[in-house]
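Take a look at the structure set out below.
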Amino acid sequence: MRSVKPTAAAVTTALAAAAAAAAGIVAGRIASDAGLKAPPGRPLPGEPRLTVHSTAAGRIALTRDLAALRPGTYGLEGDAAHAVIGPVLTTEPHSADTVVRRLERVTHGTLQPGDKVWLTPNIHVGDPRSALGLDHADVDIPGELGPLPAWFVPGGRNTWVIAVHGLGPTREHALNVLEFLHHHRFPVLAPAYRGDDGAPRPPDGLHHFGETEWYDLDAAMRYAVDHGARQLVLHGWSTGATMALRAAARSGLRHRVKGLVLDSPVLSWERTLRALAAARHTPGVLLPLAVRAAQGRTGLPSDHAGLYADRTHAEHQDRTDTTGPAEPPPPTLIFHGPDDTIAPWDLSRRLAATHPDRITLHTVHQAPHAAMWNADPSAYEEALRRFLTPLM
């Protein structure tokens, strides 16, 4: 009997440990969904739901929250409505628990007191014609997994801009800058990519933070060159910016890339995944499990806590002749700021410091992830104009 009791205790302990490990694996997998299954057109974890308190002519009162106090112009999305709101109206009377902002327009649906809404970078819905009155063509890009729907807005130049959305928004995000680009006569191609509505589903059903999605950007680059583009500017937001970096380093058409515009680039998928999981109230002890689960599910390489930017530019060097100078990155403009809680700003600062003669960091304050344009559209477009002028 003396030998049986320790054995039974050991078995019980082993079973408990195995159960705990299995529970940890399941919890890590669920936590990793915050980044791997972020649905297009829905708010990212951490974006608060606000309550509509009242509306009047050109005015809307929302729950008082840091999000509701953000400067600039934003879309206001609800389950059955979309509107555009402007700056906070500090002189308007309001209660202590509300914020009054300018209500620019209601794009569709209605806003009623009690409705739950959230801020979004997308201020337009629809396509270039319905949203902006711009003629465009709906085209299909031959992609690795199947046809990729895209909007093409023609322009008079032979330098095309390919605009790629990231986590959360849809390709409607590109409409924010499309009118500006069209005014400056750039042809613009705004593609969907794997996982988007109307585009092929990725084989595993998961988002890969640009690691595989960049192949669809490469397909868009080939489409542009086949249809007359001599030079390319890649303009990406969030993981779309990651895709642009990957394409500029790896694509067989990288020599055509004359400029990169990176808005809120995800330079460490691990840190971004942790941030998204934490925003879902995942306990800190489970965050490393979320990262390991994501690696197991997708095969994503470890980025060593934020060295993605350095590695990306090393890829430029790896592709050069060892007897000649290292290939520099194309001219790059980064829009990013310290209030982005999803993609760390410090990594953009590090990336800009690697090639100060080639990379310009335009710092934007009080702007959430992928909403650098929204915080100050005029300043954003002026910086973009200065950057694009030598590339025209």
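All letters in the sequence shown, in the order written, are residues 494 to 885 by this note's numbering. Beta carbons: idealized from backbone N, C-alpha and C, even for Gly.
In the pairwise beta carbon analysis, the region 782–798 is classified as touching the region 517–530: at least three pairs are separated by under 8 Å. Within the region 653–704, the runs of beta strand (DSSP E) that reach at least 3 residues and sit entirely inside it are, in chain order, 681–684. Per DSSP, reduced to three states, the secondary structure at A574 is coil, with no helix or strand assignment.
With respect to the 9 Å criterion, G565 and A860 are classified as neighbours on the basis of their beta carbons. In the structure shown, D631 adopts extended strand secondary structure according to DSSP, grouped into three states. Rounded to the nearest angstrom, the gap between the Cα atoms of A554 and I578 is 11 Å. Leaving aside the five residues that flank H658 on each side, the residues in its chain whose CB is nearer than 6 Å to its CB run, in chain order, R664, H666, W730 and G733. T591 carries a strand assignment under DSSP once its states are collapsed to helix, strand and coil.
The continuous alpha helix (DSSP H) containing P781 extends over residues L780 to T791.
Three or more Cβ pairs drawn from the region 666–676 and the region 623–630 lie within less than 8 Å of each other, which places the two stretches in contact. Collapsing the DSSP output to three states places D756 in a strand.
Within the region 705–745, the complete beta strand (DSSP E) segments of 3 residues or longer fall at 724–730, listed in chain order. Straight across, the Cα-Cα distance linking H617 with R594 is about 18 Å.
Around the CB of E706, 16 or more other CB atoms lie within 10 Å, so the residue is classed as buried. In the three-state reduction of the DSSP assignment, G565 falls in the coil class. Of all C-beta pairs linking the region 735–748 to the region 706–724, three or more are shorter than 8 Å, placing the two stretches in contact. DSSP, reduced to helix, strand and coil, places G579 within a strand of the structure shown.
The beta carbon of L582 lies closer than 8 Å to those of R552, V593, R594 and R595 in the same chain, with the five residues before and after it left out.
Straight through space, the alpha carbons of H774 and L725 are spaced by roughly 41 Å.
The beta carbon of A717 sits closer than 7 Å to those of W653, I655, L682 and L725, all from its chain and outside the five residues before and after it, given in chain order. Shown here, H829 sits in a strand according to DSSP, grouped into three states. When V750, T765, A864 and V857 are compared, the shortest CA-CA separation from P821 is found for V750. Rounded to whole angstroms, the gap between the alpha carbons of P794 and G752 is 26 Å. The three-state reading of DSSP puts V519 in helix, counting H, G and I together.
Within the same chain, and ignoring the five residues on either side of A768 in sequence, the residues whose Cβ sits closer than 7 Å to its Cβ are T834 and I835.
Rounded to the nearest angstrom, the gap between the Cα atoms of P614 and G691 is 21 Å.
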